[in-house]
Every structure is written in structure tokens, then in C-alpha cells.
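Enquirer: All you need for my numbering is the position in the sequence shown, starting with 1, plus 81. Glycine included, each C-beta is placed from N, C-alpha and C at the ideal position. Predicted model only: the values in this text are computed from it and were never measured.
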Amino acid sequence: MDDPILVVNCGSSSLKIALFTCQDERLINILAENLSTPTARIRISGESGSTPVSGGGSHYEALNEIIGLLRQRGLIADAPAAIGHRVVHGGETFKEPSLIDAQVLDAIRSCSALAPLHNPVNLVGIEAAQQLFPGTPQVAVFDTAFHQTLPEHAYWYGVPQRYYRDWGVRRYGFHGTSHQFMAEEAARLLGKPVSETSLISAHLGNGCSITAIRDGKSTDTSMGLTPLEGLVMGTRSGDVDPGLFDFLSKKGLAIEEINRVLNRESGLLGLSGETNDMRTLAQLAEEGHAGARLAIEVFCFRLARYIGAMTASLSSLDALVFTGGIGENSALVRHKTLAHLSLLGLTLDEERNRGNGRLSECRIEGNASRYPVLVIPTNEELVIARAAVTHGLQNPT
Ligand code: AMP
């Protein structure tokens, strides 16, 4: 067997590892949680039980133990062929994945001001992998890179130009690897070259974003300078009136508190007063829970409104695409959202919709729908693994 490709997604207290063959086959998923605490543990996807991480439970120790597990199972011999790392913010520097060297590490560090919660921990993952595998090519894949094709009119905010010039204040967009995967998969399913495929791609998970893809390239997207803008999400508010900050500060809330509430206590959780979990909300709504109903209605309306907004960036549409935990699994959300969009001529086949696209090669639109509607399971790790092959093995510098 050829050496596999290791994919590393490093969060502040977690480490997600996936292993792929060079032929795109996923071999295993492993999750390390509660890192840097005494309860740090490693779980293998699809298996029961977990093992503790020894020492202080650091990212390095977790990765080291995961590699030991992979070796025990014969999945890695000596080292992986290449390693792909998810990095959240690539600023304007990174328009595509990059083979990691000292210069690239510096550039990722300098993007940390734009993503202080994410880039520093992404660097921790890269450094741990470099210590373990000093000779293996490592590639950084950026959530923002796919959106570097946004035209100026889509990425400028209506604020003084100096904010952009001095501090880089602009729309960057996130979930780029998922939207890129949607573009490639939808093009394949529709039998068109990706460079001629135009889509509206809705990634609806705990974080939610929507992207207009024109001829295979991102041309507008709902997340902005940070991943807080746009759609209503699990715990994030999405768009609010910027005047809310002044209003709440006059009520005595500090800026850090407002930021925390908008990121962690808003969205589906804040609206329902119960949970950010769409499965539970759907159940509660059926039982008549008013907050759950409200949360779902607001979520779907905001989404429909953004689907309409994305048409301003397209001159043709090959499909509307849903992905992410909610997008892939919630027939209710897709149904309620499209019910707002009759003016666009979008309709669903309810049976195919209930089957989440699995009955019908991902297609769920009704016969009379003006445009195809697709449900495509996202696979961000595969995009990262492919990038590690392309940028780490095929073009070594
Ligand atoms: P993700 O961040 O992509 O894992 O998505 C998480 C979201 O997907 C949560 O709100 C889950 O409740 C939701 N989700 C997962 N499975 C289902 C399902 N079968 N029906 C509705 N929502 C689901």
C-alpha cells in the first residue's frame, strides 16, 4: 500500500484527524477532545469507547498517540506521504493551498490578527506535525482561499477606505473548502466542467454560510471579516443592525460580552431558548414549543432571503446546493426555505426531499422547478487531502 495522506484539523481544545489513500479513499477518522485538560481523550469514529491522552493532554501528545494508533493498525508504516492542515484565515496572502515553509508559517502568523481564536491553534497543529514528521511535505489549506476571487464590489464594506488599507477590513468569507467541494461535485453530477458551472451553495452546519459560485469561482458569500456575519447559525446571530453595539453598550454591556453573546448565545440557541441542535428543535417544534418554532422560521427565512440576494451575483444558475449537517439532513429546513422562494420558480419533490437526495442521485427539485436543487454531503477533509497531494507531492519546491 502507498503511504497515506494525513489531514489535520486543529481546534483550541480538539484535534480532528482523517487518513486518506492517494485515491481519495477515507481510511479512518479520529477525534481528540478536551485537550490541555485532565480529561483529554481520543475517540475513533464508528467505534465505542475512548482512550485518555497521557501527560498534560497537549495537541502534540494527542497527535503522537494518534500516530501510534495508526501504526498499530498498520495504517501508517513510517510516515504519511504528505500532510494537509486546515488553516482558517489566509487573509489576502493565500489564494490557494501552500506547501509549508518558514515563509508560509510567518505569513499564517501575520494573519492571526484577523482570526485570533483560530490561526494560532492551527499553527500549534502544524508545529506538532513538523516535530513528528520533519521530512514530510505539509500543506496549508485555507478556509478563506476559495473566496479570494470575490470582486471588489462584493468584498468592500461601506466604511472609510482607510479601514481596509490600514487594517485589512473587508469581506473574506469562510467554509471555502466546503463550497469548493460543492462546486466540483455539483459540476460532476450535472455533467458540466466546473469552470462553466454556476451555483448557489448553502453550507448549513453549526456554522452556516452561503456562496454564489459563478463559473466555478466564488463571487459573493455571506460570511465576512469574521465568521459571524450572514445567516442565523447554531449559536451565532449572523447579521444584526450594527447600531446594536451602541445600544447594548449603553445598556451596560462591555464589548467582549456583546461579542460573546453574539457568537455563543445567539442564533438557534438564543431564539429557541433551548438548544442549537436542529434535530432537537424540529422535535420540539412538532410538540408545539413556541421558541423552537420561532428559531426554525427565522433560520429558514434568513436563508431564503440570502438565496435571493445571491442571485444578484449570477447571470445563470445550474443548481441550488445544500450541504452541512442541517443542509444534508433536514427536509424540514429545505421545505420551509424554498416555500419563500416561489418567485424564483424553485420547487421540491417532497419524497426526494424527505430522502435527503439519496433516492435520486442528490436531486430533490420538483418537475416544475426552474432550477435543479441538490443535496451533496460535504467532504472538506477530502479537499484538504487532495490539496496535500497536488501541492505537497506533485509540485515539491
Ligand atoms: P455540522 O456542524 O455540519 O456537523 O452540523 C450540525 C447541525 O446539523 C446540528 O444543528 C444538527 O442538529 C444538524 N443535524 C445533524 N443531523 C441532522 C438531522 N438528521 N436532521 C436535522 N438536523 C441535523
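Would you mind reading off the limits of the alpha helix (DSSP H) that contains E431?
Expert: Start and end: 431 to 435.
Enquirer: Sorry if obvious, but does the Cβ on A363 come closer than 8 Å to a heavy atom of ligand 1?
Expert: A363: yes, Cβ under 8 Å from ligand 1.
Enquirer: Which of the three DSSP states, helix, strand or coil, is assigned to Q153?
Expert: Three-state result, Q153: helix.
Enquirer: Distance, Cα to Cα, A466 vs L87?
Expert: When rounded, the distance between both Cα atoms is 7 Å.
Enquirer: Considering only heavy atoms of ligand 1, does any lie closer than 8 Å to the CB of G372?
Expert: Not under cutoff, so the answer is no.
Enquirer: Go ahead and label F380 buried or exposed: buried means 16 or more other beta carbons lie within 10 angstroms of its beta carbon, across all protein chains shown.
Expert: Its Cβ being crowded by 16 or more others within 10 Å, F380 is buried.
Enquirer: To which residues of the same chain is S276 closer than 6 Å at the C-beta, ignoring the five residues directly before and after it?
Expert: Result list for S276: D296, G297, in chain order.
Enquirer: For L422, name the three-state secondary structure that DSSP assigns.
Expert: Here L422 sits in coil by DSSP.
Enquirer: Please report the straight-line C-alpha distance between M359 and G216, rounded to a whole angstrom.
Expert: Between M359 and G216, the C-alpha separation is close to 44 Å.
Enquirer: Comparing alpha-carbon positions, which option in D182, L195, P161, T225 lies nearest F175?
Expert: With distances taken between Cα atoms, F175 lies closest to T225.
Enquirer: Once the 5 residues before and after S397 are set aside, which same chain residues still bring their CB inside 8 Å of it?
Expert: The answer, listed in chain order, is S279.
Enquirer: Heavy atom of ligand 1 less than 8 Å from the Cβ of N410, yes or no?
Expert: Checking every heavy atom of ligand 1 against the Cβ of N410, one is found closer than 8 Å.
Enquirer: Go through its chain and collect everything with a Cβ distance to F382's Cβ below 7 Å, but skip five positions before and after it.
Expert: For F382, where only same-chain residues beyond five positions count, the Cβ hits under 7 Å are H421.
Enquirer: Kindly confirm or deny that the region 312 to 323 and the region 346 to 364 touch, where touching means at least three C-beta pairs closer than 8 Å.
Expert: The answer is yes - the region 346 to 364 touches the region 312 to 323, with three or more Cβ pairs under 8 Å.
Enquirer: Identify, in the order they occur along the chain, each residue of the same chain with its Cβ nearer than 6 Å to the Cβ of S179, setting aside the five sequence neighbours on each side.
Expert: Once the five neighbours on either side are set aside, the close Cβ partners of S179 are V185, A221.
Enquirer: Rounded C-beta distance between R451 and L425? I'm assuming under 8 Å.
Expert: With 8 Å as the limit, R451 and L425 qualify as a contact, their Cβ atoms being about 7 Å apart.
Enquirer: In the structure shown, what three-state DSSP assignment does G165 receive?
Expert: In the structure shown, G165 sits in a strand (DSSP, three-state: E or B).
Enquirer: Count the C-beta pairs between the region 147 to 156 and the region 91 to 105 that are closer than 8 Å, then say yes if the count reaches three, no if not.
Expert: A contact exists between the region 147 to 156 and the region 91 to 105.
Enquirer: If we count Cβ pairs, one from each stretch, closer than 8 Å, do we get three or more for the region 202 to 211 versus the region 242 to 261?
Expert: Contact fails: fewer than three Cβ-Cβ distances are below 8 Å.
Enquirer: Do the region 398 to 417 and the region 326 to 337 touch if we need at least three Cβ pairs shorter than 8 Å?
Expert: Result no; under three Cβ-Cβ pairs closer than 8 Å.
Enquirer: Using 8 Å for Cβ pairs, my map puts N287 next to N357. What's the rounded Cβ distance?
Expert: The pair is a contact, with the Cβ atoms about 7 Å apart (cut-off 8 Å).
Enquirer: Give the range of the alpha helix (DSSP H) segment to which C381 is assigned.
Expert: 371 to 391 is the span of the alpha helix (DSSP H), which, as asked, contains C381.
Enquirer: Within a Cβ cutoff of 6 Å, which residues of the same chain sit near L144, ignoring the five residues on either side of it in sequence?
Expert: Same-chain partners within the cutoff: A209.
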